[in-house]
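Q:
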DNA sequence: TCTATGATTGAGTACACACTCATTTAAGAC
DNA sequence: GTCTTAAATGAGTGTGTACTCAATCATAGA
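Chains as they are written, first to last, in this note's numbering: chain A, 6 to 195; chain B, 6 to 195.
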């Protein structure tokens, strides 16, 4: 091996892509991403063959990061509701801490540049969380429907909650609390 | 006046934009939109000064259409839950009937080419629906939070529901029913 | 019918972008 | 220290796109 590829550069490119795509959308130029990453444009293409590959990798990376954040500090001992509330809390915390990452995920989620394959792989990160949901859902309004539906509901309610938290920071805590209550009632109430 | 602009052409352009943006995303070329609409590219620019103006108008038009669809056939006599269920039903019906319009709205909603002003104007179409929500929300989990939050929750749950209906049409009715139950519990349960 | 006005056309323009490639640079093997 | 190999560079290339404009055409009003 002559000169190895550097993980640092790869990460710098992904981080730059996050920043620039959050600002400018999926149409953000590779030239800008490279400049922000501190590498030449050509270098970007030695790490990612095409812009689409870069976007798909970024999507996966962020999905994985989010799913890991949700499971962090998840002590086993609590009951289902508490474990879900913790996951919700972590989700919201992550989204508030990294608004660009959240925005990028929203952009990429509706972009047709993300392949079905990538989306499927992204969902796999959430199997553990879906398992957490399963028991809470068993006797509620969603009992007739797969647990991934509850997972999607969790995602969309958390996103909606964070939108309002961001728009009206003074009442952020109210939204976070009410949002979780709404979510719990949605999946667990009969 | 020498030659009047034609509403038919304007509508044809908006319809073509809907179709093409649903297929290709916000980056769809104006040349393609014009061709699908059956007009010359130059004509597109006599009806909409820029592509951004076209996209913003399209967003407004679709938002308005959706809000009107939701209020259709809304007899006064029912109780709050029934009126909301009817609105939900109409929402889902609209989304299933016009999947391209739904997709376009999703694309435009996260695109930074839609101005804040346009988004605000789009929300105004939903004031009547927000009023409907207000009473149902009064004593539930969302009592501490503005009714537009309940409206946003309705939107995101309906979208999630339609995603699953589209992905798994055999159980579409189950999703529609469970989705509304989840929504009602989310906003009205204590 | 004639005329003035503005809609309609589509080839043309200026620019932006994803990706390439000849050249330079640097890391590892010996 | 030398050699080999692949990473790094950035000017260059081809393509695609939003928007323009001179010429043409259709309509409302006289």
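Glycine included, C-beta positions come from ideal geometry on N, C-alpha and C.
Would you tell me roughly how many angstroms separate the C-alpha atoms of residue 177 (chain A) and residue 149 (chain B), rounded to the nearest one?
A: In the first chain, the residue the question calls residue 177 (chain A) occupies position 172. In the second chain, the residue the question calls residue 149 (chain B) occupies position 144. Whole-angstrom Cα-Cα distance: 12 Å.
Q: Who are the near neighbours of residue 156 (chain A) in its chain, counting only those whose CB is closer than 7 Å to its CB and skipping five residues on each side?
A: Along the first chain, read from residue 1 onward, the residue named residue 156 (chain A) stands at position 151. If we look at residue 156 (chain A) and ignore the five residues flanking it on each side, its Cβ neighbours are 131, 134, 135, 138.
Q: Any beta carbon of chain B sitting closer than 8 Å to that of residue 30 (chain A)?
A: For this step, residue 30 (chain A) is matched to residue 25 along the first chain. For residue 30 (chain A), the answer is yes, since a Cβ of chain B falls inside 8 Å of its Cβ.
Q: Do residue 146 (chain A) and residue 186 (chain B) have their CB atoms nearer than 8 Å?
A: The sequence position of residue 146 (chain A) within the first chain is 141, counting from 1. The sequence position of residue 186 (chain B) within the second chain is 181, counting from 1. In contact: residue 146 (chain A) and residue 186 (chain B) (Cβ atoms closer than 8 Å).
Q: Counting only C-beta atoms, is residue 41 (chain B) closer than 8 Å to chain A at any point?
A: Position 36 of the second chain holds residue 41 (chain B). No, residue 41 (chain B) does not count as interfacial toward chain A.
Q: Between residue 27 (chain B) and residue 140 (chain B), which are expected to be in contact by the criterion C-beta below 8 Å, what is the C-beta distance as a whole number of angstroms?
A: Here the question's residue 27 (chain B) lines up with position 22 in the second chain. Here the question's residue 140 (chain B) lines up with position 135 in the second chain. About 36 Å; that fails the 8 Å criterion.
Q: How should residue 16 (chain A) be labelled, buried or exposed, when 16 other C-beta atoms within 10 angstroms of its C-beta is the threshold for buried?
A: As a position in the first chain, residue 16 (chain A) is number 11, starting the count at 1. Residue 16 (chain A) comes out exposed.
Q: Does residue 180 (chain B) come within less than 8 Å of chain A when only Cβ atoms are used?
A: Counting from 1 along the second chain, the entry for residue 180 (chain B) is found at position 175. Yes, residue 180 (chain B) counts as interfacial toward chain A.
Q: How would you list, in chain order, the residues of chain A whose beta-carbon sits under 8 Å from the beta-carbon of residue 112 (chain B)?
A: Along the second chain, one-based indexing puts residue 112 (chain B) at 107. Going along chain A in sequence order, the residues near residue 112 (chain B) (Cβ under 8 Å) are 115.
Q: Are residue 63 (chain A) and residue 19 (chain A) close, meaning C-beta to C-beta below 8 Å?
A: Residue mapping note: residue 63 (chain A) aligns to position 58 of the first chain, counting from 1. Residue mapping note: residue 19 (chain A) aligns to position 14 of the first chain, counting from 1. Closer than 8 Å, so yes.
Q: Buried or exposed: which applies to residue 144 (chain B), given that a residue is buried once 16 or more other Cβ atoms fall within 10 Å of its Cβ?
A: Locating residue 144 (chain B) in the second chain gives position 139, counting from the first residue. Counting Cβ neighbours within 10 Å, residue 144 (chain B) comes out exposed, since fewer than 16 surround it.
Q: Against chain B, with Cβ distances strictly below 8 Å, would residue 141 (chain A) count as a contact?
A: Translated into positions along the first chain, residue 141 (chain A) becomes position 136. Chain B, which has no Cβ nearer than 8 Å to the Cβ of residue 141 (chain A), makes this no.
Q: Could you pull out every residue in the same chain whose Cβ sits closer than 8 Å to the Cβ of residue 110 (chain A), ignoring the five residues on either side in sequence?
A: By one-based count along the first chain, residue 110 (chain A) stands at place 105. 64, 67, 68, 71.
Q: Whole-angstrom Cβ separation of residue 167 (chain A) and residue 114 (chain A), contact assumed at under 8 Å?
A: As a working note, residue 167 (chain A) is residue 162 in the first chain. As a working note, residue 114 (chain A) is residue 109 in the first chain. About 14 Å separates the two Cβ atoms, so there is no contact after all.
Q: Smallest Cα separation from residue 23 (chain B): which of B:13, B:42, B:9, B:8?
A: The count along the second chain starts at 1 and reaches residue 23 (chain B) at position 18. When only C-alpha atoms are compared, the closest one is B:42.
Q: For residue 170 (chain B) versus residue 188 (chain B), is the C-beta spacing smaller than 8 Å?
A: Reading the second chain from its first residue, position 165 is the one you call residue 170 (chain B). Reading the second chain from its first residue, position 183 is the one you call residue 188 (chain B). No, the Cβ-Cβ distance between residue 170 (chain B) and residue 188 (chain B) is not below 8 Å.
Q: Tell me whether residue 50 (chain A) sits in a helix, a strand or coil according to DSSP, three-state version.
A: Translated into the one-based positions of the first chain, residue 50 (chain A) becomes position 45. The answer is helix: DSSP assigns residue 50 (chain A) an H, G or I state.
Q: Report the residues of the region 149–169 of chain A with a CB closer than 9 Å to any CB of chain B, ordered along the chain.
A: So the list reads 149, 150, 151, 153, 154, 155, 157, 158, 160, 161, 162, 164, 165, 166, 168, 169, given in the order they occur along the chain.
Q: If we define contact as Cβ-Cβ less than 8 Å, is residue 131 (chain A) a contact residue for chain B?
A: Here the question's residue 131 (chain A) lines up with position 126 in the first chain. False, the Cβ-Cβ gap to chain B never drops below 8 Å.
Q: Using only alpha-carbon positions, find the residue among A:153, A:126, A:183, A:128 that is nearest to residue 151 (chain B).
A: Along the second chain, one-based indexing puts residue 151 (chain B) at 146. Of the listed residues, the one whose Cα sits closest to residue 151 (chain B) is A:183.
Q: Does DSSP put residue 149 (chain B) in a helix, in a strand, or in coil?
A: Numbered from 1 along the second chain, position 144 holds the residue referred to as residue 149 (chain B). Residue 149 (chain B) falls in the coil class under three-state DSSP.
Q: Note down, in chain order, every chain A residue with its Cβ under 7 Å from the Cβ of residue 119 (chain B).
A: Mapped onto the second chain, residue 119 (chain B) falls at position 114. What residue 119 (chain B) touches in chain A: nothing, since even the nearest Cβ is about 11 Å away.
Q: Closer than 8 Å, CB to CB, is residue 194 (chain B) near chain A or not?
A: Here residue 194 (chain B) refers to the residue found at position 189 when the second chain is read from its first residue. Closer than 8 Å to some Cβ of chain A, the Cβ of residue 194 (chain B) qualifies, so yes.
Q: Where does residue 92 (chain A) land, buried or exposed, given buried means 16+ other C-beta within 10 angstroms?
A: Taking the first chain and counting its residues from 1, the one referred to as residue 92 (chain A) is at position 87. By the neighbour-count rule (16 or more Cβ atoms within 10 Å), residue 92 (chain A) is buried.
Q: Using a beta-carbon distance below 8 Å, is residue 53 (chain B) in contact with chain A?
A: Counting from 1 along the second chain, the entry for residue 53 (chain B) is found at position 48. False, the Cβ-Cβ gap to chain A never drops below 8 Å.
Q: Under three-state DSSP, which class holds residue 222 (chain A)?
A: It is not possible to answer for residue 222 (chain A), since the shown part of chain A is limited to 6 through 195.
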